[in-house]
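A.B. asks: The numbering of the sequence shown is the working numbering, which starts it at 1 and goes up by one.
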Amino acid sequence: MLQQTQVKTVIPYFKKFISEIKSLKKLSSTSERKVLKLWEGLGYYRRCRNLIETAKIIVKKNRSILPKTLIDIKKLPGIGDYTGNVLLALVYNQPRLALDGNVKRVFSRIFNTHEKKLDFEKIIEKNRKKLFFSKRNYDFVEATMEFGALICKPKEPLCSLCPINKFCKFSNSGKNTKLTDKVKINKKSYNIFCYLNKYKQIGLTKNNNLGFLKEYNLPIVEEKSKKNKLKNWNFLCNYKNSISNKKLDINLYYKFSSKIPRNLNWYSICNNKEFIPTFTKKIFKQVENLY
Ligand code: SF4
Numbered sequence: 001m002l003q004q005t006q007v008k009t010v011i012p013y014f015k016k017f018i019s020e021i022k023s024l025k026k027l028s029s030t031s032e033r034k035v036l037k038l039w040e041g042l043g044y045y046r047r048c049r050n051l052i053e054t055a056k057i058i059v060k061k062n063r064s065i066l067p068k069t070l071i072d073i074k075k076l077p078g079i080g081d082y083t084g085n086v087l088l089a090l091v092y093n094q095p096r097l098a099l100d101g102n103v104k105r106v107f108s109r110i111f112n113t114h115e116k117k118l119d120f121e122k123i124i125e126k127n128r129k130k131l132f133f134s135k136r137n138y139d140f141v142e143a144t145m146e147f148g149a150l151i152c153k154p155k156e157p158l159c160s161l162c163p164i165n166k167f168c169k170f171s172n173s174g175k176n177t178k179l180t181d182k183v184k185i186n187k188k189s190y191n192i193f194c195y196l197n198k199y200k201q202i203g204l205t206k207n208n209n210l211g212f213l214k215e216y217n218l219p220i221v222e223e224k225s226k227k228n229k230l231k232n233w234n235f236l237c238n239y240k241n242s243i244s245n246k247k248l249d250i251n252l253y254y255k256f257s258s259k260i261p262r263n264l265n266w267y268s269i270c271n272n273k274e275f276i277p278t279f280t281k282k283i284f285k286q287v288e289n290l291y
């Protein structure tokens, strides 16, 4: 849940999830529909599917035991170097660092060098004894990430409070060296089409051919030219949304029709039992006003 999502956002979802699904075995045997419903609103739904798949593999093929090596743990769906290292440190107390953006920034500042110039694996290997002197590796891996988030903050690092400021080259140089690249924001315009019928149903698809919005969604196409006039469609509204590093400028169109294209299915706007991504639910609210 914490991949690409802030802790404060995750907490209520985590509590609800853990109160319903209390064990790995339970997770492996709960329907995907039910688990996705618990995840609804948190986004990046592939994480949820990977989690279910991973639980099934561990329960069925590994006697409910998490693999103990990075090579084996990375064979599980959705687990790469970062998550694998975190899990091995937290679960098995192995001496490991998880190189997220926060930790990379701390290293970049200590050496006062752009993170692209640093060989992190080499630095960790060379300083193994200095880094992993405590027996509490599970705390250390979390502390390094928290340190980057709370002390060595992206914009204004709290150097005067920092316990390692004596040997931090960034703090001692007084120079503001460029340490990381800014994340490129992708701005694009899209048209979203709502087929509506008299039963308060809307046409949804899973094949929108875009690299995002992989769950049930409304038909959406990128708007290449603003000059295009859409015949037979009524303009409903324009609104802005952000997904990951994409800024979306969306024009919402609708029409009432008893028929829909083959790749769409009718779905009741009032049905709250099924899992529907937040992005689509926001549009449902706009459409409700038309009835
Ligand atoms: S001294 Fe400042 S820049 Fe250096 S690690 Fe500490 S908080 Fe980060």
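The beta carbon of each residue, even a glycine, is placed where N, CA and C say it ideally should be.
Considering only residues of the same chain and omitting the five flanking positions on each side of MET145, which have a CB-CB separation below 8 Å?
C.D. replies: As a first step, residue 145 must be located in the sequence shown, where it is residue number 145. Excluding positions up to five away in sequence, the list reads ALA98, ASP100, ASN102 and VAL103.
A.B. asks: Are LYS184 and ASN241 close, meaning C-beta to C-beta below 8 Å?
C.D. replies: Reading the sequence shown from its first residue, position 184 is the one you call residue 184. Reading the sequence shown from its first residue, position 241 is the one you call residue 241. No, the Cβ-Cβ distance between LYS184 and ASN241 is not below 8 Å.
A.B. asks: Going by the DSSP bridge assignment, what does TRP266 pair with across the sheet?
C.D. replies: What you label residue 266 is simply residue 266 of the sequence shown in a count that begins at 1. Per DSSP, GLY203.
A.B. asks: Which same chain residues, not among the five before or five after ASN238, have their C-beta less than 8 Å away from its C-beta?
C.D. replies: In the sequence shown, counting from the first residue as 1, residue 238 sits at position 238. So the list reads ASP249, ILE250, ASN251 and LEU252, once near-sequence residues are dropped.
A.B. asks: Please name the residue in PHE170, GLU274 and LYS231 whose C-alpha comes closest to that of ASN217.
C.D. replies: Here residue 217 is taken as the residue at index 217 of the sequence shown, counted from 1. Taking only the C-alpha atoms, the option nearest ASN217 is GLU274.
A.B. asks: Can you round the beta-carbon distance between LEU90 and THR54 to whole angstroms, since I take them to be within the 8 Å contact cut?
C.D. replies: Translated into positions along the sequence shown, residue 90 becomes position 90. Translated into positions along the sequence shown, residue 54 becomes position 54. Wrong, their Cβ atoms sit about 15 Å apart, outside the cutoff.
A.B. asks: Which residues in the same chain have their Cβ closer than 8 Å to the Cβ of LEU290, if we skip the five residues on either side of it in sequence?
C.D. replies: In the sequence shown, residue 290 corresponds to position 290, counting from 1. If we look at LEU290 and ignore the five residues flanking it on each side, its Cβ neighbours are LEU196, LEU236 and TYR254.
A.B. asks: Name the DSSP beta bridge partners of VAL221, please?
C.D. replies: Counting from 1 along the sequence shown, the entry for residue 221 is found at position 221. ASN191.
A.B. asks: Using a threshold of 8 Å, state whether the C-beta atoms of ILE243 and GLY203 are closer than that.
C.D. replies: Taking the first residue of the sequence shown as 1, we reach residue 243 at position 243. Taking the first residue of the sequence shown as 1, we reach residue 203 at position 203. For ILE243 and GLY203, no; Cβs fall outside 8 Å.
A.B. asks: In the DSSP assignment, what are the bridge partners of LEU196?
C.D. replies: Taking the sequence shown and counting its residues from 1, one reaches residue 196 at position 196. Its beta-bridge partners are ILE202 and PHE256.
A.B. asks: Assuming ILE283 is part of the alpha helix (DSSP H), what are its boundary residues?
C.D. replies: Translated into positions along the sequence shown, residue 283 becomes position 283. Start and end: 278-288.
A.B. asks: Under the rule that 16 or more other beta-carbon atoms within 10 Å means buried, what is TRP266, buried or exposed?
C.D. replies: Along the sequence shown, one-based indexing puts residue 266 at 266. Flag for TRP266 reads exposed.
A.B. asks: If you draw a straight line from the C-alpha of MET1 to the C-alpha of LEU230, how long is it?
C.D. replies: The count along the sequence shown starts at 1 and reaches residue 1 at position 1. The count along the sequence shown starts at 1 and reaches residue 230 at position 230. Distance between the alpha carbons of MET1 and LEU230: 40 Å.
A.B. asks: Assign THR205 to buried or exposed, taking buried as 16 or more other Cβ atoms, counted over all protein chains shown, within 10 Å of its Cβ.
C.D. replies: Your numbering for residue 205 matches position 205 in the sequence shown. Under this definition THR205 is a buried residue.
A.B. asks: Answer yes or no: do TYR92 and LYS68 have a C-beta to C-beta separation smaller than 8 Å?
C.D. replies: Counting from 1 along the sequence shown, the entry for residue 92 is found at position 92. Counting from 1 along the sequence shown, the entry for residue 68 is found at position 68. Contact flag set, yes.
A.B. asks: Between LEU24 and ILE58, how many whole angstroms is the CB-CB distance? I'm expecting something under 8 Å.
C.D. replies: Numbered from 1 along the sequence shown, position 24 holds the residue referred to as residue 24. Numbered from 1 along the sequence shown, position 58 holds the residue referred to as residue 58. Correct: roughly 6 Å between the Cβ atoms.
A.B. asks: Could you tell me whether the Cβ atoms of LEU38 and LYS61 are closer together than 8 Å?
C.D. replies: Along the sequence shown, one-based indexing puts residue 38 at 38. Along the sequence shown, one-based indexing puts residue 61 at 61. Contact flag unset, no.
A.B. asks: Any idea what DSSP makes of ASN127, helix, strand or coil?
C.D. replies: For this step, residue 127 is matched to residue 127 along the sequence shown. Correct three-state label for ASN127: coil.
A.B. asks: Are the Cβ atoms of PHE106 and CYS152 separated by less than 8 Å?
C.D. replies: Working through the sequence shown from its first residue, we reach residue 106 at position 106. Working through the sequence shown from its first residue, we reach residue 152 at position 152. Correcting the residue identity first, residue 106 is Val in this sequence and not Phe. Closer than 8 Å, so yes.
A.B. asks: Can LEU42 and THR5 be called in contact, C-beta distance under 8 Å?
C.D. replies: The count along the sequence shown starts at 1 and reaches residue 42 at position 42. The count along the sequence shown starts at 1 and reaches residue 5 at position 5. Contact flag set, yes.
A.B. asks: Return the Cβ separation of PHE170 and ASN234 in integer angstroms, given the expectation that the two are a contact with Cβ distance under 8 Å.
C.D. replies: Here residue 170 refers to the residue found at position 170 of the sequence shown. Here residue 234 refers to the residue found at position 234 of the sequence shown. No, PHE170 and ASN234 are not in contact; Cβ-Cβ is about 56 Å, not under 8 Å.
A.B. asks: Assuming PHE235 is part of the beta strand (DSSP E), what are its boundary residues?
C.D. replies: One-based indexing of the sequence shown puts residue 235 at position 235. Here the beta strand (DSSP E) through PHE235 covers 234-243.
A.B. asks: Which partner residues does ILE250 have in the DSSP bridge list?
C.D. replies: Numbered from its first residue, the sequence shown carries residue 250 at position 250. Answer is TYR190 and TYR239.
A.B. asks: Taking C-alpha atoms, which residue in GLU121, ILE79 and ILE110 lies nearest to ARG96?
C.D. replies: Start at 1 with the first residue of the sequence shown, and residue 96 comes out as number 96. That would be GLU121, whose Cα lies nearest to the Cα of ARG96.
A.B. asks: Please determine whether the Cβ atom of ILE110 lies at a distance below 7 Å from any heavy atom of the ligand SF4.
C.D. replies: Reading the sequence shown from its first residue, position 110 is the one you call residue 110. Flag set: Cβ of ILE110 near the ligand SF4.
A.B. asks: Run the proximity test for VAL106: is its beta-carbon closer than 7 Å to any non-hydrogen atom belonging to the ligand SF4?
C.D. replies: Stepping through the sequence shown from its first residue, residue 106 is reached at position 106. Checking the Cβ of VAL106 against the ligand SF4 gives yes.
A.B. asks: Going by Cα to Cα distance, which pick from SER64, VAL7, ARG47 and ASN127 is closest to SER29?
C.D. replies: Here residue 29 is taken as the residue at index 29 of the sequence shown, counted from 1. The option with the nearest alpha carbon to SER29 is SER64.
A.B. asks: So, using beta-carbon positions, are ARG128 and GLY78 closer together than 8 Å?
C.D. replies: Along the sequence shown, read from residue 1 onward, the residue named residue 128 stands at position 128. Along the sequence shown, read from residue 1 onward, the residue named residue 78 stands at position 78. Not a contact, by the Cβ cut-off of 8 Å.
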